[in-house]
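Okay, so the sequence shown: first residue is 0 according to numbering that gives the first Met the number 0, each after it adds one.
Where is the CB? At the ideal position from N, CA and C, for every residue including glycine.
Notes to accompany the following structure.
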Amino acid sequence: MNDTPQLGIGIGWRPEIADTVEALSGVDWVEAVAENLCPGHLPDSLVRLRERGVTVVPHGVSLGLGGADRPDARRLADLAERAEALGSPLVTEHIAFVRAGGALTASPVLEAGHLLPVPRTRDALRVLCENIRIAQDSLPVPLAVENIAALICWPDEEMSEGQFLAELVERTGVRLLIDVANLHTNQVNRGEDPAKALDELPVEAIAYVHVAGGIERDGVWHDTHAHPVTAPVLDVLAELRARVAPPGVLLERDDDFPPAAELAGELTQIRETITAASTASPRPAASAGSRAGDGVTEEREASDTDAARGRLALSEAALLSSLVAGTPVPEGFDPRRLRVQSRALAAKRAGVVAKVAPELPEILGKGFRPAFLAYAGHTPMRAGYRRDALDFAESLLIEGRPEDSAARRRLTLWWRERAAARPPRRTTRLVRVARAALIGR
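Following this line, the structure appears as structure tokens:
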């Protein structure tokens, strides 16, 4: 891992704070959400940062490397194109699944609209390793993958987070993006010790580190990226720095952006934490384990992986269907935690739809959020957030809502301009009911 680029201190670039990021002093690099960039029309702010010599790293959120299906070739090509357009030294993604169902389960594809944890099992590891190798072969620069925050625990897991990541690195050579806020989240939500995870994972494989804020409600930590970084998260950063000097550390903020002075203050806290921890006695790095499966033929490996994909597909589809379509809770899961996760997914959908279709909360006023949450409780997202906004508006019109005639006319016009020549009629309603019944099987 000696060729890992030295990045320094960075911040997540977001359009809402583009001017602020450009003006902040001491920012060595930035990270941008890959799916929000168009290679032929990069935002002027990112172009100016590149011209100043600031490194830009594209951060993907939609590959679903932890899903049962092999990575989509088009999504991989898009990620590669963004890396080349930005002249990036690496790209990053998540150890997560974001969709389930489809051909492997002979069921409709369900979209989570969120990063969901993979089970730490041999099956999931086998599939993840193959998916990462496919991604590595398709990308022009090295790949680093990120540990995610989780509200839920899979039953019958076979490895700790550190063990899972260590074996992943050993099998694939992939780099790691370690999010210390996510390690703290998993401590609160899953009772996992961040120090133990750091002891077990190969810290020399770290490409860079994420630091972000969150909030605790009713004993559950929500990794919001919309609150200040807390002292416990900085403590985990210090634990990591006591073991290794990370090539880069980045502050993430995705919503409720504070004034520039507050962002600058958080960057200063990060620098001070790293400096203070660097004077501590270094902790020993984890030793490499033995690769499971050594001596197995390529044919046997491929056969085992295909079987593992089938089993993983069924388990991930059952979980996601429970979360977004209201089907029964799969055996072994905590029903209360799944309800928390389900509400969190619906709330995120509402927030993103309000951003991509701001006319909807304007038309519906205070009724937007409760109406959307009611809709999300029985209607899975099927093709991204913009389609979700159209489906939501269609569902209201089918029901003769909103009750205010002027608002209903505005919503009809909005829907018609984006979706079809006329508003949905009774036949459309029957089709939607039938589709929902199929998903709920």
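Outcome for residue i when other beta-carbon atoms lying within 10 angstroms are tallied against a minimum of 16
i	result
P379	buried
Q444	The first residue shown for the chain is 0 and the last is 440, placing residue 444 beyond what the model contains.
I94	buried
V20	buried
R480	Since the displayed the chain opens at 0 and closes at 440, residue 480 lies outside it and no answer follows.
D43	exposed
S24	exposed
R443	Given a span of 0 to 440 for the chain in the structure shown, any question on residue 443 remains unanswerable.
P327	exposed
S394	buried
L175	buried
G63	buried
R348	buried
A244	exposed
V26	buried
L197	buried
R385	exposed
P369	exposed
H224	buried
A143	buried
D222	buried
P14	exposed
P441	The structure shown does not extend to residue 441, since the chain is modelled only from 0 through 440, so no value can be given for it.
T278	exposed
Proximal residues to residue i (C-beta, below 8 Å), its chain only, five neighbours per side dropped
i	result
G288	Reliability fails at G288, whose pLDDT of 45 lies under 50, so the model's placement of it is uncertain and the value that follows must be treated cautiously. Q162, A165, E166 and E169.
A76	S137
H226	G212, G213, I214 and D255
R310	D122
D18	S44
Q268	V228 and L233
R132	T171
Contacts around residue i, its chain only, beta-carbon distance under 6 Å, and the 5 residues preceding and following it disregarded
i	result
A307	D122, R125 and V126
D2	none
I16	F256
G65	I94, A95, F96, V117 and L127
A99	L109, E315, A316 and L319
V228	V210, G212 and E265
D293	Unreliable placement is indicated for D293, whose pLDDT of 44 sits below 50; no coordinate value is reported for it.
P4	P88
I362	A406, R409 and L410
Residue range of the unbroken alpha helix (DSSP H) whose run includes residue i
i	result
S394	Y384 to I397
T19	A17 to A22
W414	S404 to R417
R336	P334 to V355
R170	E160 to T171
R49	D43 to E50
L359	E358 to L363
Contact set for residue i: own chain, Cβ-Cβ below 7 Å, skip 5 residues either direction
i	result
C128	L167, R170 and T171
V140	A82, S87, P88, L89 and V90
G344	One detail in the question is off: residue 344 reads as Leu in this sequence, not Gly. Result list for L344: A111, G112, H113, L322 and V323, in chain order.
S302	none
V150	Correcting the residue type first, residue 150 is Leu in the shown sequence and not Val. Same-chain partners within the cutoff: N188, V219, R336, V339, Q340 and A343.
S106	G100 and A316
A79	S137, L138 and P139
A263	L23
R270	I8
Bounding residues of the beta strand (DSSP E) (the contiguous stretch that carries residue i)
i	result
W12	G7 to W12
G100	F96 to G101
P369	P369 -> not in any beta strand (DSSP E); alpha helix (DSSP H) instead, spanning F367 to A375.
E157	Per DSSP, E157 belongs to no beta strand (DSSP E) and is neither H nor E.
L176	R174 to D178
A31	W28 to V32
T54	T54 to H58
Within-9 Å CB hit, residue i to chain B
i	result
A306	Given the protein chain composition of this structure (a single chain), no chain B is represented.
- Segments of 4+ residues assigned as alpha helix (DSSP H) that fall wholly inside the stretch 180-264: 193-199 and 230-240
How do the stretch 1-16 and the stretch 240-257 stand: do at least 3 beta-carbon pairs fall below 8 Å, yes or no? yes
Exercise for the section: Specify whether the stretch 319-335 and the stretch 351-360 touch according to this definition: at least 3 beta carbon pairs, one from each stretch, less than 8 Å apart. Expected result: no
Open item on the list: Using 8 Å as the cut-off, can you tell me whether the stretch 199-218 makes contact with the stretch 103-121, which would need three or more C-beta pairs spanning the two stretches below that distance?
Closed with: no
(Q) Quick check for students: name the residue ranges of the alpha helix (DSSP H) that lie wholly in the stretch 73-151, counting only runs of 4 or more. (A) 121-137
> At a cut of 8 Å, does the stretch 45-65 reach the stretch 25-33 through at least three beta carbon pairs?
Replying inline: yes
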